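Input: a single structure, listed below in structure tokens.
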Amino acid sequence: MSTSPKSPSPAPGTSPQSAARRAAPAPAPTSASPEPAPVEATQSQAVQPIPGFGRIPVANVEPVIEGGAYPAKAVVDEWFPVTANVFREGHDCVNATAVLSSPDGRELSFGMKQLEPKGLDIWEGWVCPDAEGDWTFRIEGWSDDWATIHHHCVARFTAEVDVPLACQEFVHVVSQAAEAAEAAGDTTTAKQLQAKIDMMLPEAPVESLLETVNSGALAAAMDIYRPRALVSATQEFPLRVDRKRALYSSWYEFFPRSQGAWWDEEKKVWHSGTFAKSHERLEAAAAMGFDIVYLPPIHPIGTAFRKGRNNSLEPSELDPGSPWAIGNTEGGHDAIHPDLGTLEDFDDFVAKAKALGLEIALDFALQASPDHPWVSEHPDFFTTRVDGTIAYAENPPKKYQDIYPINFDNDRDGIYHESLRILRFWIDRGVTVFRVDNPHTKPVDFWAWLLDQVHRTNPEVIFLAEAFTRPEMMKALGKVGFHLSYTYFTWRNTRQELIDYALELARESAHCFRPSFWPSTPDINPAFLHSGNPAAFTIRAVLAATMSPSWGVYSGYELCEHEVFRPGGEEYLNSEKYEYRPRDWDAQPNLSMLLGTLNRIRREHGALQQLRKIDFHSAWNDQVIAFSKMDRDDRVIVVCSLDPWNPQTTDVYLDMSALGLDPHAMLEVTDELTGNTWTWGSRNWVELTPANPAHILRVTPR
1 MSTSPKSPSP
11 APGTSPQSAA
21 RRAAPAPAPT
31 SASPEPAPVE
41 ATQSQAVQPI
51 PGFGRIPVAN
61 VEPVIEGGAY
71 PAKAVVDEWF
81 PVTANVFREG
91 HDCVNATAVL
101 SSPDGRELSF
111 GMKQLEPKGL
121 DIWEGWVCPD
131 AEGDWTFRIE
141 GWSDDWATIH
151 HHCVARFTAE
161 VDVPLACQEF
171 VHVVSQAAEA
181 AEAAGDTTTA
191 KQLQAKIDMM
201 LPEAPVESLL
211 ETVNSGALAA
221 AMDIYRPRAL
231 VSATQEFPLR
241 VDRKRALYSS
251 WYEFFPRSQG
261 AWWDEEKKVW
271 HSGTFAKSHE
281 RLEAAAAMGF
291 DIVYLPPIHP
301 IGTAFRKGRN
311 NSLEPSELDP
321 GSPWAIGNTE
331 GGHDAIHPDL
341 GTLEDFDDFV
351 AKAKALGLEI
361 ALDFALQASP
371 DHPWVSEHPD
381 FFTTRVDGTI
391 AYAENPPKKY
401 QDIYPINFDN
411 DRDGIYHESL
421 RILRFWIDRG
431 VTVFRVDNPH
441 TKPVDFWAWL
451 LDQVHRTNPE
461 VIFLAEAFTR
471 PEMMKALGKV
481 GFHLSYTYFT
491 WRNTRQELID
501 YALELARESA
511 HCFRPSFWPS
521 TPDINPAFLH
531 SGNPAAFTIR
541 AVLAATMSPS
551 WGVYSGYELC
561 EHEVFRPGGE
571 EYLNSEKYEY
581 RPRDWDAQPN
591 LSMLLGTLNR
601 IRREHGALQQ
611 LRKIDFHSAW
621 NDQVIAFSKM
631 DRDDRVIVVC
641 SLDPWNPQTT
651 DVYLDMSALG
661 LDPHAMLEVT
671 DELTGNTWTW
681 GSRNWVELTP
691 ANPAHILRVT
701 PR
């Protein structure tokens with residue numbers, strides 16, 4: 001026998017008629033009618049959660065790049081912060097956990113702490129991945145019953161109100177923790193928790209009950225085993241964990257054609273340096289403690305519109321041309337300039353570097369000379385102007401007729417795959433690092449595709465962006481996959497400029513933009529160095545090597561090369577970009593020993609190998625900058641003059657809390673540059689001179 005289903009009873013405060021109207025089936029929609037209203041849920045139906053917030057809301061998770069389209073950055077064993085807003089209805093307490101998921105499926109959990117002011121509901125946790133690869137992370141918000149009960153107990157015991165109830169609540173929550181400890185095999189902690197439960201007697205003096213509730217041992221145990229209720233997880237966000245060299249590196253740049261180059265007086269011609277003659281420079285770079293040797297383009301150089309000395313438009317037959325005017329009849333981006341040697345000579349050069357513990361970085365410059373094979377074989381790689389000619393590079397009124405820019409829209413597939421082919425050609429020959437020339441003049445989505453393709457097959461390969469351009473473009477390049485980038489450090493000279501920039505890099509953009517500090521480059525001879533004063537070169541080297549985990553110098557820096565092409569400009573006189581520059585490496589002044597010392601200090605101190613934990617300390621003299629860096633128990637304090645001409649004195653006031661120390665702690669500090677040792681407290685007098693313009697201090701608490 002069939003029966004009709006019973007209609008649900010009307011809700012309190014509603015009439016049977018209104019309930020019937022709501023329960024009646026909706027009419028079928030017509031083409032002119034709106035979408036049907038949703039059918040009302042009945043009490044027998046399971047409640048389906050609405051996408052968005054979970055039971056415990058978690059919002060504004062960071063670091064998340066472009067909504068999760070690109071992974072946040074980290075390296076193996078790097079501690080970095082994750083944050084979120086975590087809150088709930090009412091007055092009960094919440095807590096949060098950050099969970100990292102490794103490529104092999106392991107999960108690492110890290111507790112989070114609420115930041116002040118607590119009314120903003122900001123939670124932060126420092127997390128650390130332990131292997132390379134593509135990870136994910138999530139934030140779990142949860143109801144913290146222990147924190148809620150602890151608050152209730154303290155309030156009730158203090159007011160002597162509802163003491164029995166408070167004791168029962170305490171026992172209920174702590175018993176769960178004891179069971180969790182027992183299940184984990186931690187019988188010692190389980191017994192300690194049971195002892196606290198046994199002490200929670202309503203008839204005990206409230207002073208004794210308060211002492212039990214506020215016990216430090218109880219707090220430590222509950223931090224580990226407290227129950228987590230109503231756990232609400234966010235979605236998984238991507239995290240890419242690279243090898244450490246993607247964060248910590250020391251670069252040395254030189255032109256192979258200048259190493260061993262010599263002038264033939266009889267024939268009145270230059271003889272180029274070669275890869276074979278550059279082995280000695282590799283040994284020098286290794287002796288100075290550098291990790292990466294970077295070479296400007298090593299390819300055949302065009303002859304059409306070749307530039308002469310000092311960027312002259314009227315070259316002589318003796319001028320070698322700019323290496324960035326890539327390509328001629330002898331080949332393009334996958335060829336070696338014949339003057340430098342053969343591919344086999346290059347292979348020997350790479351093998352020599354690896355034997356010395358060095359990696360070779362090649363310049364990847366996506367542009368061509370008018371003589372490049374691409375011009376005839378792939379004319380669609382370029383832009384044809386309305387007059388039928390191929391567009392050369394220009395920044396009106398400046399013209400660079402020796403270089404044709406690439407057009408990434410004419411033959412998208414062609415240039416994309418040709419670029420990938422070139423990179424893989426050099427990767428197969430042992431190249432693990434690329435310095436990319438002017439990436440900001442190419443489409444960002446091109447780099448996203450290209451770097452992703454390389455990462456799929458060669459995740460060990462590192463890319464440095466040579467992008468001195470607008471901030472958003474520089475950050476975008478980092479977001480889509482560049483591991484490192486040149487920075488504005490070259491033009492940050494005053495104390496406040498340096499402080500503001502360092503904090504921006506460490507606090508605001510470290511998840512997507514890793515800096516590399518270069519005091520100068522072949523393109524940039526900054527005003528701070530124009531005097532040639534060795535103290536100026538020392539100051540900038542110390543700041544670059546200690547403020548950033550990645551730094552680099554262009555060869556000739558150790559010789560304090562500084563002459564400018566025109567007063568007030570940033571171009572070198574007799575720039576190596578346009579001519580051979582063999583050097584006397586024993587000439588004076590000479591900072592080779594300083595560079596080696598800085599790299600040794602960096603190797604010995606993990607604090608100088610990380611980016612995120614930097615703090616600045618007060619000094620009343622604005623010609624002196626003081627900052628500290630920390631990594632676990634390693635602490636380094638740097639005090640550096642910003643004046644290369646005059647002695648500077650000041651008091652340095654240490655923020656001991658930033659160093660993780662007691663405000664009244666006494667420290668033994670040893671200058672890693674000189675070996676001198678002093679005892680420091682929170683206030684310390686410092687004298688710096690042009691001969692000794694900086695202290696790099698190893699900190700040992702006493």
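Residue 386 in the UniProt record's numbering sits at position 386 of the sequence shown, with consecutive numbering throughout.
The beta carbon of each residue, even a glycine, is placed where N, CA and C say it ideally should be.
Values in this document were obtained by computation on a predicted structure and should not be read as measured data.
Inclusion of A502 and M474 in the CB contact set at 8 Å is not warranted, their separation being larger than that value. The same chain holds no residue with a CB closer than 6 Å to that of S208 once the five nearest residues on each side in sequence are set aside. In terms of Cβ geometry, F80 and F237 do not form a close pair [threshold 8 Å]. In the structure shown, the three-state DSSP call for R583 is coil. Fully contained in the region 332–376 are the following alpha helix (DSSP H) runs of length 4 or more, in chain order: 343–355. Here the region 537–546 does not lie against the region 259–276, with fewer than 3 beta-carbon pairs under 8 Å apart. Contact check for A183 against L193 fails: the beta carbons are separated by 8 Å or more. As DSSP reads the structure, F237 sits in a beta bridge with F137. By the C-beta density criterion, M200 is buried, having at least 16 other C-beta atoms within 10 angstroms. Counting every other CB atom within 10 Å of its CB across the protein chains shown gives M666 a total below 16, marking it as exposed. Here DSSP, grouped into helix, strand and coil, assigns N621 to coil. Rounded to the nearest whole angstrom, the CA to CA distance from L340 to S272 is 7 Å. Under the DSSP assignment, A465 falls in the beta strand (DSSP E) whose first and last residues are 462–466. Here the C-alpha atom of E570 lies approximately 25 Å from the C-alpha atom of P693.
Following the DSSP letters along the chain, one finds V206 inside the alpha helix (DSSP H) bounded by residues 206–213.
Spatial neighbours of E687 in its own chain (CB-CB distance under 6 Å, excluding positions within 5 residues in sequence) are listed in chain order as T649. For G216, there is no enclosing beta strand (DSSP E); the enclosing alpha helix (DSSP H) has its first and last residue at 216–225.
From the listed residues R306, P300, N214, the smallest Cα separation to Y578 is found for R306. According to the DSSP assignment, W426 belongs to the alpha helix (DSSP H) that extends over 412–427. Bounds of the alpha helix (DSSP H) holding D452 are 444–457.
A residue is called buried once 16 or more other Cβ atoms fall within 10 Å of its Cβ, and M288 is buried on that count. Just so you know, the alpha carbons of A467 and S516 end up roughly 11 Å apart.
About 5 Å separates the beta carbon of S232 from that of G141, a gap short enough to meet the 8 Å contact definition. Inter-residue distance for H455 and P338 is about 31 Å (C-alpha atoms, whole angstroms). Across the structure, F489 and A607 are spaced so that their CA atoms are roughly 20 Å apart. Contact between the region 325–336 and the region 371–379 is present: 3 or more CB-CB pairs across the two stretches fall below 8 Å. DSSP places Y572 in the strand class (E or B) of the three-state scheme. Distance from the CA atom of R55 to the CA atom of V433, rounded to whole angstroms, is 47 Å. For G481, the three-state secondary structure derived from DSSP is coil.
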